[in-house]
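Just so you know, our numbering puts 8 at position 7 of the sequence shown, and the rest follows in order with no gaps.
C-beta: ideal position from N, C-alpha, C; glycine also.
Quick caveat, the model's predicted, so the values are computed rather than measured.
Contents: one structure, followed by commentary.
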Amino acid sequence: MFEAAAEIGMKTVIDPMVPTERWLTEDGVKDIAERLNAASQKAAEFGLKVGYHNHAQEFLADFDGQSAYQRFLSLVDPSVEIELDLFWALVGGQDVVGLVKELGDRLVAIHVKDGIKPPTNPFAPDAPKFNSSSLDQRHAGQGEVPTVEAMNAATNVKYAVIEYDNAPGDVFEDIENSYRFLIDGGLAA
Numbered sequence: 002m003f004e005a006a007a008e009i010g011m012k013t014v015i016d017p018m019v020p021t022e023r024w025l026t027e028d029g030v031k032d033i034a035e036r037l038n039a040a041s042q043k044a045a046e047f048g049l050k051v052g053y054h055n056h057a058q059e060f061l062a063d064f065d066g067q068s069a070y071q072r073f074l075s076l077v078d079p080s081v082e083i084e085l086d087l088f089w090a091l092v093g094g095q096d097v098v099g100l101v102k103e104l105g106d107r108l109v110a111i112h113v114k115d116g117i118k119p120p121t122n123p124f125a126p127d128a129p130k131f132n133s134s135s136l137d138q139r140h141a142g143q144g145e146v147p148t149v150e151a152m153n154a155a156t157n158v159k160y161a162v163i164e165y166d167n168a169p170g171d172v173f174e175d176i177e178n179s180y181r182f183l184i185d186g187g188l189a190a
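Here's what the structure looks like:
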């Protein structure tokens, strides 16, 4: 995979999701960090970086006052880049702006996604089976995600990624609306 990524000119390979059950134990979180640390070392041989993208399952478990995500961050090597999905962090019950500040320069990409926070974390083991069509997602700036404040709090973001799990309309028009929100707000060039 790293060879192919390097050949086509990619700079970073992002792990898009680790299943919920692995985030529920300290050993699981440690294993996630160790695997990404090893992947980061291997990727470096190809001139690449490795990153991790969150959903909401990373915020279910708590270990001595730290969320599983915070524990992961304490264990994963700083060479592993962080891509924060603002919507999923909100769904996970996080203070999104506070989390962006906590991540500091480690945060290199933000998923710009907005919507209404569902009543329960859909990744919780006792939640009904998750289906993205149940999400009330909206154009950036039209939901509950503090996008402007989060992006203004970021210190090292290189990429603002517009994404929907459940686009509110025509996906290309939705992307254009969110892009226009970023441009008009001075949040992207």
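Residue 159 - DSSP class collapsed to helix/strand/coil: For this step, residue 159 is matched to residue 158 along the sequence shown. Three-state result, residue 159: coil.
Nonlocal neighbours in the same chain, by C-beta distance under 8 Å from residue 52, ignoring five residues either side: What you label residue 52 is simply residue 51 of the sequence shown in a count that begins at 1. Result list for residue 52: 13, 14, 15, 16, 81, 82, 83, 84, 109, 110, in chain order.
Residue 113 vs residue 154 beta-carbon contact at 7 Å: Here residue 113 is taken as the residue at index 112 of the sequence shown, counted from 1. Here residue 154 is taken as the residue at index 153 of the sequence shown, counted from 1. No. Outside cutoff.
Best match in 4, 32, 131 for proximity to residue 78 [C-alpha to C-alpha]: Locating residue 78 in the sequence shown gives position 77, where the first residue counts as 1. Among 4, 32, 131, the Cα nearest to that of residue 78 is on 32.
Three or more C-beta pairs below 8 Å linking the segment 118-136 and the segment 169-177: no
Proximity winner among 96, 168, 76, relative to residue 133 (alpha-carbon distances): In the sequence shown, counting from the first residue as 1, residue 133 sits at position 132. When only C-alpha atoms are compared, the closest one is 168.
Per-residue burial, residue 93 [other beta carbons within 10 Å of its own, 16 or more giving buried]: Start at 1 with the first residue of the sequence shown, and residue 93 comes out as number 92. Flag for residue 93 reads buried.
Cα-Cα separation between residue 26 and residue 62, rounded to whole angstroms: Numbered from 1 along the sequence shown, position 25 holds the residue referred to as residue 26. Numbered from 1 along the sequence shown, position 61 holds the residue referred to as residue 62. Residue 26 and residue 62: Cα-Cα distance of roughly 7 Å.
Check whether residue 49 and residue 7 have beta carbons under 7 Å apart: Residue mapping note: residue 49 aligns to position 48 of the sequence shown, counting from 1. Residue mapping note: residue 7 aligns to position 6 of the sequence shown, counting from 1. Contact flag set, yes.
Residue 156 vs residue 187 beta-carbon contact at 7 Å: Walking along the sequence shown from the start, residue 156 turns up at place 155. Walking along the sequence shown from the start, residue 187 turns up at place 186. No, they are not a contact pair.
From 158, 21, 142, residue whose alpha carbon lies closest to that of residue 185: Taking the first residue of the sequence shown as position 1, residue 185 is located at position 184. Of the candidates 158, 21, 142, the one whose C-alpha sits nearest the C-alpha of residue 185 is 142.
Bridge partner(s) assigned by DSSP for residue 64: Position 63 of the sequence shown, counting from 1, holds the residue named residue 64. Residue 64 is bridged to 67.
Which residues DSSP lists as bridging residue 138, in chain order: Taking the first residue of the sequence shown as position 1, residue 138 is located at position 137. Paired residue(s): 116.
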